[in-house]
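Line by line, the protein sequences give chains A and B.
Each residue of the first sequence is one higher than the last, beginning at 1 in the numbering used here.
Each residue of the second sequence is one higher than the last, beginning at 209 in the numbering used here.
Reviewing the structure listed below.
There are 2 protein chains.
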Amino acid sequence: MPATAPLSTIRSEVAPGRLADVQPPVFHAAGKEIYAQGEPADRLYRVEFGAVRIYRLLADGRRQISAFYLPGEVFGFEADGSHHFFAEAVCATGLRSFARASGDEAPREHLDMALRCLVRAQEHLLVVGRQNAVERIAAFLLDMADRQGGLEQFDIAMSRSDIGDYLGLTIETVSRVLSRLRAEGVIRLVSLRTVEIVKPRALRALSA
Amino acid sequence: MPATAPLSTIRSEVAPGRLADVQPPVFHAAGKEIYAQGEPADRLYRVEFGAVRIYRLLADGRRQISAFYLPGEVFGFEADGSHHFFAEAVCATGLRSFARASGDEAPREHLDMALRCLVRAQEHLLVVGRQNAVERIAAFLLDMADRQGGLEQFDIAMSRSDIGDYLGLTIETVSRVLSRLRAEGVIRLVSLRTVEIVKPRALRALSA
DNA sequence: CGAACGCTTGAGCAAATTCAAGTGCGGTGG
DNA sequence: CCACCGCACTTGAATTTGCTCAAGCGTTCG
């Protein structure tokens, strides 16, 4: 019976290759909206530096971040020509946008990127739907480390609140779990937003 | 500020139109595997009748169903040429398969279906990550009703266990919430697997 | 220097899970 | 045709996990 494949196998990085109508990079300050739910969706965005959050809100303000996008990754996929989600810069972020395919045929590259997003979203569903707080945080840390080159020490651009809204937890629970992992010597918090994975093996064991 | 758009706006139905290499329908008995995680993915499937569940397992057996597919809907999208999930027939099910696009260009239709799947998955993430048990069940019932033609009375092909694994709840919680909705006169359980929405308005109010 | 903000920590609480009986329906066989 | 069996579902009680509320800390910035 199946083990969960590492998220690393589905990186959504892409070479900007044969994508049409590429624009020069645009800078977005931390917290700035990139697009809003309901707006027409006609472009894709490639992260040059920084980070982006894609999210949705409930009427009472609850927020679910469905994905973060890091340098090299492409986002902006939406169905029916309009955005179903919000996109914001998590921190100072540079984006390069390019035209979505239109017409009867789409470049295979677009489809592949969309499919990788889909796999990622569905795998995240497993984390949020069936894993406890420690498992969620462990999976998050491993994913972030992996997507930033697999180094043991790395920065996380996002706040505890962003992490909570991504994992379906409160900021207090995020904080408590990080403290506990630190107390157990699994990770080291070099600074608030810099993590060192001291015991990758232990973390991996916790993540499932 | 944004309200959550109804799931109905992103049906993934499709006319089999210009899709290549369409095969005659294949029958799958309840519980039968359609494909497994790790298998090569080269075909798409259109549900003719019945229902399909797409899921993933954790090592200890916890299961997350990421989607159900109902008649008229298409599934089988996977990245990198292999399946990252399992697909099983929920009940007696007829499927028609056809070839995935290959080569440099993909039919727009494929991209659109994949994108609608993506939006659906991300919206489901909001339900699982940020809504309580009552809200999840209400959203599920409304979604099922909507996808079966919007009638007030409809069958659900799936067991309580399937529903729980889809919504990130235990079967006991699913059962309790359904009982409570029945006690409040919001729904009527015509039989175990047949639901009548008596107060659609109330149910909609509960779903967010 | 003080205010603001993001984060941490603690205590009590509530929602959902776990564990444990029951109930009822559908199917099988006497 | 009815009785029985099995399985899915329901219901209850106790427990646990994560949330809420509240206070305190530390860094940054005006």
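Don't be surprised by glycine CBs; every beta carbon is placed ideally from N, CA and C.
Please read these numbers as outputs of a predicted model, since none were measured by experiment.
Where residue i falls, given that 16 or more other Cβ within 10 Å makes a residue buried
i        : result
Gly129/A : buried
Gln122/A : buried
Ala314/B : buried
Gln23/A  : exposed
Glu88/A  : buried
Ser415/B : buried
Val385/B : buried
Val398/B : exposed
Distance between beta carbons of residue j and residue i, contact taken as under 8 Å
i        : j        : result
Ala139/A : Ala51/A  : No, Ala139/A and Ala51/A are not in contact; Cβ-Cβ is about 18 Å, not under 8 Å.
Arg261/B : Asp370/B : 6 Å
Gly393/B : Val382/B : Rounded, the Cβ-Cβ distance is 19 Å, inconsistent with contact.
Ala30/A  : Cys91/A  : 5 Å
Ala114/A : Ala322/B : 5 Å
Tyr374/B : Phe257/B : Going by Cβ atoms, the distance from Tyr374/B to Phe257/B rounds to 20 Å, so no, they are not a contact pair.
Leu303/B : Val335/B : No, Leu303/B and Val335/B are not in contact; Cβ-Cβ is about 26 Å, not under 8 Å.
Near the ligand PLP: residue i beta-carbon under 6 Å from a heavy atom
i        : result
Asp112/A : The ligand content of the structure shown is nil, which means the ligand PLP is not present either.
Pairwise C-alpha distance: residue j and residue i
i        : j        : result
Ile395/B : Arg344/B : 15 Å
Cys117/A : Leu326/B : 7 Å
Gly168/A : His236/B : 36 Å
Asp104/A : Leu111/A : 13 Å
Glu73/A  : Leu400/B : 46 Å
Glu33/A  : Pro71/A  : 17 Å
Met144/A : Pro233/B : 43 Å
Leu125/A : Ser159/A : 21 Å
Arg412/B : Thr301/B : 30 Å
Gln350/B : Glu380/B : Note on residue identity: the sequence assigns Leu, not Gln, to residue 350/B. About 20 Å.
Ser179/A : Ala410/B : 42 Å
Val342/B : Glu109/A : 40 Å
Arg328/B : Asp268/B : 27 Å
Gln339/B : Asn132/A : 16 Å
Leu181/A : Thr402/B : 46 Å
Leu266/B : Glu39/A  : 37 Å
Thr170/A : Asp21/A  : 41 Å
Could you give the uninterrupted runs of the alpha helix (DSSP H) lying entirely in the segment 301-346 of chain B, keeping only those of 4 residues or more?
316-338
Ignoring anything shorter than 3 residues, give me the beta strand (DSSP E) runs that lie fully in the segment 246-287 of chain B, in order along the chain.
251-257, 260-265 and 271-277
For the segment 136-189 of chain A, list the beta strand (DSSP E) runs that are entirely contained and at least 3 residues long, ordered along the chain.
153-155
With a threshold of 8 Å, are at least 3 pairs of Cβ atoms found where one atom belongs to the segment 357-366 of chain B and the other to the segment 144-152 of chain A?
no
Pair every Cβ in the segment 42-57 of chain A with every Cβ in the segment 87-101 of chain A, then say whether three or more of these pairs are closer than 8 Å.
yes
Is the segment 286-296 of chain B touching the segment 71-91 of chain A in the sense that three or more CB pairs, one from each, lie closer than 8 Å?
no
Flag this pair as touching only if the segment 196-204 of chain A and the segment 260-276 of chain B have three or more C-beta atom pairs under 8 Å; answer yes or no.
no
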